[in-house]
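Enquirer: Counted the way the numbering used here counts, the sequence shown spans residues 103 to 366. Even for Gly, the Cβ is constructed at its ideal location relative to N, Cα and C. The structure follows.
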Amino acid sequence: MIELDLYVLLSLGAVAFLAGFVDSIAGGGGLLTVPALVIAGLDPVHALGTNKLQGCMASFSATIAFARAKLIEWKSALPLALISAAGGILGTFSVEIIPNYWLQFMIPVLLVVVAFYFALSRGLGDSRIRARMSVGAFTFTIPLIVGFYDGVFGPGAGSFYMLGFVTLLGFGIIKATAHTKLLNFGSNFASLCVFSIKGYVILPIGLTMAVGAFLGAQIGSRLAMRIGPKLIRPLLVIVCCAMASKLLMDPANPLHAIIVGWLS
């Protein structure tokens, strides 16, 4: 286990602040925090467990900010959050029994699809568009599936929630972002509970990072509401591409060898 000196804690808190800022707008804060935890000396499982604490606080902070702006429809949103939490619990308990091969193969591809959708689709602003699915049907499908994925693997969960709200329920980008943070909190909190029970959360590090993430998410969510789609869309595209690139650079990813073969 790593030595918990003040320099390490403050450095991780600063990384969490930046991650909370990015996460509150477009998701993907784990791109910064998980590698930072591993570099600091945590093994991958403790890094994932401890990261859930700061991720949970970032999504909670953003949810508070968006709720204060009355951008969350609580009557329909709370069931979605509960279903996403149930999915997160099932996913986290399934981590040790579900092979990651297909997830590692599919997730970078899906992230690129999300990036292209938000980059190229016209008319994606703050206004609502036509819904393609009823709220009832959406409740028992997308939050459960994405929440389960968030518990099993995690990268891009916020982007997938966002895509569901925009394309299936027809939400404007700011409203979709607000509801995405609530669902993110649901699946993050549920996953955090499971990781805590299993003893994979290092509290001194997690709490320090949680403070940084909370503050960063407050600033990020307020900026997102002020600037709107002009900030959210490009940052979402950048984060999705960054997550896909990071996953594809991992030699363990089945697509890595294919891409290297093409380039050589």
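(1) Under a three-way DSSP split, which group does Y302 fall into?
(2) Give the single residue among A128, D107, V248 whose Cα lies nearest to the Cα of G288.
(3) Can you tell me the Cβ-Cβ gap for A149 and L139, rounded? I've got them flagged as a contact below 8 Å.
(4) Here's the rule I'm using: 16 or more other beta-carbon atoms within 10 Å means buried, otherwise exposed. How should P257 be labelled?
(5) What is the DSSP secondary structure of T243, reduced to helix, strand or coil?
(6) DSSP three-state call for P353: helix, strand or coil?
(7) What did DSSP end up calling A233 once you bin it into helix, strand or coil?
(8) Is K154 helix, strand or coil when you go by DSSP?
(9) Between W204 and the rest of its own chain, which residues show a CB-CB distance below 7 Å, the 5 nearest in sequence each way excluded?
(10) Does the separation of the CB atoms of C342 and S261 fall below 7 Å?
(11) Taking just the CA atoms, how far does L333 sit from A164?
(12) Look at M327 and A171 and say whether their C-beta atoms are less than 7 Å apart.
(13) Assuming G122 and G318 make a contact with CB atoms under 8 Å, what is their CB distance in whole Å?
(14) Looking only at its chain, what residues have a beta carbon closer than 6 Å to the beta carbon of L338, apart from the 5 residues adjacent to it on each side?
(15) Give me, in chain order, the residues of the same chain whose beta-carbon lies closer than 7 Å to that of L120; leave out the 5 immediate sequence neighbours on both sides.
(16) Should P210 be labelled buried (16 or more other beta-carbon atoms within 10 Å of its own) or exposed?
(17) Mind pulling the alpha helix (DSSP H) runs of 4 or more residues that sit fully within the segment 242-277?
(18) Spatial neighbours of V147 within its chain, please: C-beta separation below 7 Å, excluding the five flanking residues on both sides.
(19) Here's the rule: buried if 16 or more other CB atoms are within 10 angstroms of the residue's CB, otherwise exposed. What is M264?
(20) Ignore the nearest five residues each way along the sequence and tell me which others in S126's own chain have a CB closer than 6 Å to its CB.
(21) Note down the Cα distance separating I340 from L213, rounded to an integer number of angstroms.
(22) DSSP three-state label for A167, please.
(23) Mapping DSSP to helix, strand and coil, what is L173?
Expert: Let me lay it out:
(1) Position 200 of the sequence shown, counted from the first residue, corresponds to residue 302. Note: Y302 maps to coil in three-state DSSP.
(2) In the sequence shown, counting from the first residue as 1, residue 288 sits at position 186. Among A128, D107, V248, the Cα nearest to that of G288 belongs to V248.
(3) Position 47 of the sequence shown, counted from the start, is the residue given in the question as residue 149. Position 37 of the sequence shown, counted from the start, is the residue given in the question as residue 139. For a cut-off of 8 Å, the C-beta gap from A149 to L139 is around 4 Å, short enough to register as a contact.
(4) Locating residue 257 in the sequence shown gives position 155, counting from the first residue. Label assigned to P257: buried.
(5) Against the sequence shown, residue 243 aligns to sequence position 141. In this structure, T243 counts as coil in the three-state DSSP scheme.
(6) Taking the first residue of the sequence shown as 1, we reach residue 353 at position 251. The answer is coil: DSSP assigns P353 none of H, G, I, E or B.
(7) The residue labelled residue 233 in the question sits at position 131 within the sequence shown. Here A233 sits in coil by DSSP.
(8) As a working mapping, residue 154 is identified with position 52 in the sequence shown. It is helical.
(9) For the purposes of this step, residue 204 is taken as the residue at position 102 of the sequence shown. Nothing listed; no residue qualifies.
(10) Translated into positions along the sequence shown, residue 342 becomes position 240. Translated into positions along the sequence shown, residue 261 becomes position 159. Yes. Within cutoff.
(11) On the sequence shown, residue 164 is found 62 positions in, with the first residue counted as 1. On the sequence shown, residue 333 is found 231 positions in, with the first residue counted as 1. If you take the alpha carbons of A164 and L333, they lie about 16 Å apart.
(12) Position 225 of the sequence shown holds residue 327. Position 69 of the sequence shown holds residue 171. Yes, the pair counts as a contact, with Cβ atoms nearer than the cut-off.
(13) As a first step, residue 122 is located in the sequence shown; it is residue number 20 there, counting from the start. As a first step, residue 318 is located in the sequence shown; it is residue number 216 there, counting from the start. About 3 Å separates the two Cβ atoms, so the contact holds.
(14) One-based indexing of the sequence shown puts residue 338 at position 236. Cβ within range, chain order: A128, F220.
(15) Locating residue 120 in the sequence shown gives position 18, where the first residue counts as 1. Once the five neighbours on either side are set aside, the close Cβ partners of L120 are L134, G318.
(16) Stepping through the sequence shown from its first residue, residue 210 is reached at position 108. Burial call: buried.
(17) 244-254, 259-269
(18) Against the sequence shown, residue 147 aligns to sequence position 45. For V147, where only same-chain residues beyond five positions count, the Cβ hits under 7 Å are Y302.
(19) As a working mapping, residue 264 is identified with position 162 in the sequence shown. Label assigned to M264: buried.
(20) As a working note, residue 126 is residue 24 in the sequence shown. These residues qualify, in order along the chain: A164, A319, G322, S323.
(21) Start at 1 with the first residue of the sequence shown, and residue 340 comes out as number 238. Start at 1 with the first residue of the sequence shown, and residue 213 comes out as number 111. So the two alpha carbons sit approximately 10 Å from each other.
(22) Here residue 167 corresponds to residue number 65 of the sequence shown, with the count starting at 1. A167 falls in the helix class under three-state DSSP.
(23) For the purposes of this step, residue 173 is taken as the residue at position 71 of the sequence shown. Residue state, collapsed to three classes: coil.
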